[in-house]
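What follows is a short report on a single structure.
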Amino acid sequence: PVKITLDVLTTLAIFFVVFHAGLEMSVDEFYDAISGKGMYFAMGSFIVTFLIGFVTGFYFLHSYTGAAVMGLCISITALPVSVKILSDLGKLHTKTGHAIIGTAMVHDIISITVLGVIIGLNVATGPTDPYAMALMLLKIAFFMLLVFTLERSFHVKGGWLAKHFTGFMDRIRSKEAQFSIGVITAM
Numbered sequence: 045p046v047k048i049t050l051d052v053l054t055t056l057a058i059f060f061v062v063f064h065a066g067l068e069m070s071v072d073e074f075y076d077a078i079s080g081k082g083m084y085f086a087m088g089s090f091i092v093t094f095l096i097g098f099v100t101g102f103y104f105l106h107s108y109t110g111a112a113v114m115g116l117c118i119s120i121t122a123l124p125v126s127v128k129i130l131s132d133l134g135k136l137h138t139k140t141g142h143a144i145i146g147t148a149m150v151h152d153i154i155s156i157t158v159l160g161v162i163i164g165l166n167v168a169t170g171p172t173d174p175y176a177m178a179l180m181l182l183k184i185a186f187f188m189l190l191v192f193t194l195e196r197s198f199h200v201k202g203g204w205l206a207k208h209f210t211g212f213m214d215r216i217r218s219k220e221a222q223f224s225i226g227v228i229t230a231m
């Protein structure tokens, strides 16, 4: 019982830190940070860290799957920690802060997507089904498209949807209720 409670609390803590990190940077700032040379840097640094982890993992584990997972684990960043440090230093909303966060977000998106594919391949019994793989990749692409489309919908017509949502949130007098709506939306 104590271990389960601790697991739930740590999971919630991580969720809230990541939720806070997501509130700190807009999608436009993310696009600006990774546009042009920023994307080359993000991809290059991801590939380098992944290859170091993959080679090390293969040396010790003698397994391609284990080596790929180790490479991905090394490539995943501590994004919430970076956000907190940059925020405390007052550097989060600078060009350098945006570059650091944008690069970390690219690393994490790629790592989690590839990790999901690897887990999906290893969970399947029998030979790998190309249709199942294509379906899994389509689900991931659809999810990412949905997230970016919803974010963009808050900016059409001068932010009409955002203004109405903000007006709705202002009518709710309780800060706890506003926070609860934010958490439910994030989940």
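Residue 67 in the working numbering sits at position 23 of the sequence shown, with consecutive numbering throughout. Where a beta carbon is used, it is the ideal one built from N, C-alpha and C, also for glycine.
Spatially closest choice to residue i from the options, by CA coordinates
i, options, result
"Leu116", "Phe90, His137, Thr193", "Phe90"
"Ala143", "Tyr75, Phe59, Ile216, Ala57", "Tyr75"
"Glu73", "Phe186, Ala57, Leu182, Gly141", "Gly141"
"Gly164", "Ala178, Gly82, Tyr84", "Ala178"
"Phe59", "Phe98, Phe209, Leu123", "Leu123"
"Gly80", "Leu133, Lys47, Thr147, Gly101", "Thr147"
"Gly97", "Ser119, His106, Phe63", "Ser119"
"Met180", "Thr138, Leu194, Val161, Leu190", "Val161"
"Ile129", "Asp214, Val61, Gly82", "Val61"
Environment of residue i [buried if 16+ CB atoms lie within 10 Å]
i, result
"Val150", "buried"
"Val127", "buried"
"Met114", "buried"
"Arg111", "Sequence inspection shows Ala at residue 111; the Arg mentioned does not correspond to that position. Ala111 comes out buried."
"Ser155", "buried"
"Pro174", "exposed"
"Ile216", "exposed"
"Leu136", "buried"
"Ala57", "exposed"
"Met188", "exposed"
"Lys94", "The sequence as given places Phe at residue 94; Lys does not occur at that position. It counts as buried."
"Met69", "buried"
"Ala221", "exposed"
"Phe104", "exposed"
"Phe192", "exposed"
"Gly88", "exposed"
"Gly203", "exposed"
The alpha helix (DSSP H) enclosing residue i, as first and last residue numbers
i, result
"Met83", "81-105"
"Asp132", "123-133"
"Thr138", "Run containing Thr138: none; DSSP gives neither H nor E here."
"His199", "Taken as a continuous stretch (DSSP letters only), His199 belongs to no alpha helix (DSSP H), as it is neither H nor E."
"Met114", "108-119"
"Ile78", "71-78"
Presumed contact (8 Å Cβ cut-off) between residue i and residue j, rounded CB distance
i, j, result
"Ala86", "Ile145", "Ala86 to Ile145, Cβ: 11 Å. No contact."
"Thr121", "Asn166", "No, Thr121 and Asn166 are not in contact; Cβ-Cβ is about 24 Å, not under 8 Å."
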